[in-house]
Amino acid sequence: GDSVTQMEGPVTLSEEAFLTINCTYTATGYPSLFWYVQYPGEGLQLLLKATKADDKGSNKGFEATYRKETTSFHLEKGSVQVSDSAVYFCALRGYGGATNKLIFGTGTLLAVQP
Amino acid sequence: DSGVTQTPKHLITATGQRVTLRCSPRSGDLSVYWYQQSLDQGLQFLIQYYNGEERAKGNILERFSAQQFPDLHSELNLSSLELGDSALYFCASSEKAGAGSYEQYFGPGTRLTVT
Chain S
-12 GDSVTQMEGP VTLSEEAFLT INCTYTATGY PSLFWYVQYP GEGLQLLLKA TKADDKGSNK
48 GFEATYRKET TSFHLEKGSV QVSDSAVYFC ALRGYGGATN KLIFGTGTLL AVQP
Chain C
68 DSGVTQTPKH LITATGQRVT LRCSPRSGDL SVYWYQQSLD QGLQFLIQYY NGEERAKGNI
128 LERFSAQQFP DLHSELNLSS LELGDSALYF CASSEKAGAG SYEQYFGPGT RLTVT
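Structure below.
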């Protein structure tokens, strides 16, 4: 079945450092890919998405490119801030079928230190 | 604010009991999804309703059931609770009729603690 694998955390960075959180997927067809962020004590917020190969999703300085050849959707940010500290989830929505359920990775905790 | 509301925010109950979690989707959204987030299982899809009908089932236990009402709000019923049912339960909604958009918007969650 479809699945998502993302890098283990926690990831600890200093403010203004470059961030990469790796995400790879296994799916048939052409899934849509998402990054969600969960701040402490809150629900999940959609950060960015890409619905077809080579699409780049971007939001709030974060970017991720849908790479079908490597089945990857790595999250990047050029300069992180303390306020980016949160848990980041990579997710996919399968192609076709009757449901739009999301399949999530295990989440990666990011801690940014001043 | 995603526009999805969930009540209660916290719930503490004993093993063997039954609880009901409530979700109100964003205005106009026809689909409601329930997810469970636990330390050992991560974030897992439980069940989806679309306009009152069950559309898909995931890893939902037989002790759990859900329904979506004519006003589109949904309830997740958990019965014969066990310690392992302690988790954060999220509701998400999507699919405004005719909009062709399937992005899911999540509520703040209900934290269930079974003692």
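If you read the sequences in order, they're chains S and C. Going by the numbering used here, the first residue of the first sequence is number -12, and it counts up by one from there. Going by the numbering used here, the first residue of the second sequence is number 68, and it counts up by one from there. Quick reminder that beta carbons are idealized off the backbone N, C-alpha and C, glycines included.
Check                                                                                                                        : Outcome
Test: residue 112 (chain C) CB closer than 7 Å to a CB of chain S                                                            : yes
Residue 26 (chain S) classed as buried or exposed, judged by whether at least 16 other C-beta atoms fall within 10 angstroms : exposed
Presumed contact (8 Å Cβ cut-off) between residue 88 (chain C) and residue 143 (chain C), rounded CB distance                : 4 Å
Cβ of residue 102 (chain S) within 7 Å of any chain C Cβ                                                                     : Outside the displayed range of chain S (-12 to 101) lies residue 102 (chain S), so it cannot be described from this structure.
Where residue 86 (chain C) falls: helix, strand or coil (DSSP)                                                               : strand
Any chain S beta carbon closer than 7 Å to residue 174 (chain C)                                                             : yes
Residue 157 (chain C) beta carbon less than 7 Å from that of residue 102 (chain C)                                           : yes
Per DSSP, the bridge partner or partners of residue 38 (chain S)                                                             : Per DSSP, none; premise fails for residue 38 (chain S).
Cβ-based burial, residue 126 (chain C) [other Cβ within 10 Å; buried from 16]                                                : exposed
Neighbour list for residue 171 (chain C) in chain S, Cβ cutoff strictly below 8 Å                                            : 33, 87 and 89
Distance CB(residue 154 (chain C))-CB(residue 88 (chain S)) smaller than 7 Å                                                 : no
Per-residue burial, residue 66 (chain S) [other beta carbons within 10 Å of its own, 16 or more giving buried]               : exposed
Distance between residue 84 (chain C) and residue 7 (chain S) (C-alpha atoms, nearest Å)                                     : 44 Å
Residue interval of the beta strand (DSSP E) (run including residue 21 (chain S))                                            : 19 to 25
Below-7 Å beta-carbon distance, residue 15 (chain S) vs any chain C residue                                                  : no
Delimiting residues of the beta strand (DSSP E) encompassing residue 144 (chain S)                                           : Since the first and last residues shown for chain S are -12 and 101, residue 144 (chain S) lies out of range.
Segment limits, beta strand (DSSP E) that includes residue 93 (chain C)                                                      : From DSSP, residue 93 (chain C) is part of no beta strand (DSSP E); its letter is neither H nor E.
Counted within 10 angstroms of its Cβ, other Cβ atoms place residue 95 (chain C) as buried (16 or more) or exposed           : exposed
Of the residues S:-11, S:69 and S:53, the one placed nearest residue 22 (chain S), counting alpha carbons only               : S:53
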